[in-house]
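Below you'll find the structure, written out as structure tokens, and then a few comments.
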Amino acid sequence: MITGEIKNRIDAIWDTFWTGGITNSVTVLEQMTYLFFMKMLDDAQRTKEANANVMGVKVKDPVFKEGNWHNPETDRDVPYNDLRWHVFKNMEAEQMYRVISNP
Numbered sequence: 029m030i031t032g033e034i035k036n037r038i039d040a041i042w043d044t045f046w047t048g049g050i051t052n053s054v055t056v057l058e059q060m061t062y063l064f065f066m067k068m069l070d071d072a073q074r075t076k077e078a079n080a081n082v083m084g085v086k087v088k089d090p091v092f093k094e095g096n097w098h099n100p101e102t103d104r105d106v107p108y109n110d111l112r113w114h115v116f117k118n119m120e121a122e123q124m125y126r127v128i129s130n131p
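Positions 29 to 131 (our numbering) are the ones given, in order, by the sequence shown.
Next comes the structure, spelled out in structure tokens:
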């Protein structure tokens, strides 16, 4: 059984989703999975960038390239940098929504 600080953090996450109007537990897990995946991709690239800086070379095959990613479903361009976890997590809620939503 989960108790203490971890339980409080999990409850706070569920409360945040509930307050935001997401009440289906499957939807919550789906959204959390997207965020974890986004973080894992950014962490991997940050490690590659650190190694490349030490060696004085460019990152080979970066996930987050320079410039924009074109979303074919929305016909919008989104800066790759806005899709990186360390940037995305510090955005205001409205800006996050603009980055990930359809126009």
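Built from N, CA and C at the ideal position, the CB exists for glycine as well.
How would you call residue i, buried or exposed, if buried means at least 16 neighbouring beta carbons within 10 angstroms?
i      : result
GLN123 : exposed
ARG112 : buried
PHE64  : exposed
GLN59  : exposed
ASP103 : exposed
ASP14  : Residue numbering for the chain in the displayed model covers 29 to 131; residue 14 lies beyond these limits and cannot be assessed.
Rounded C-beta distance between residue i and residue j? I'm assuming under 8 Å.
i     : j      : result
ASN96 : VAL106 : 6 Å
Secondary structure at residue i, three-state DSSP: helix, strand or coil?
i      : result
MET124 : helix
ARG37  : helix
THR44  : helix
For residue i, I'd like the list of residues in its chain whose CB is within less than 7 Å of its CB, leaving aside the five on either flank, ordered along the chain.
i     : result
PHE45 : VAL56
Entirely enclosed beta strand (DSSP E) segments - the segment 47-108, minimum 3 residues: 96-99, 104-107
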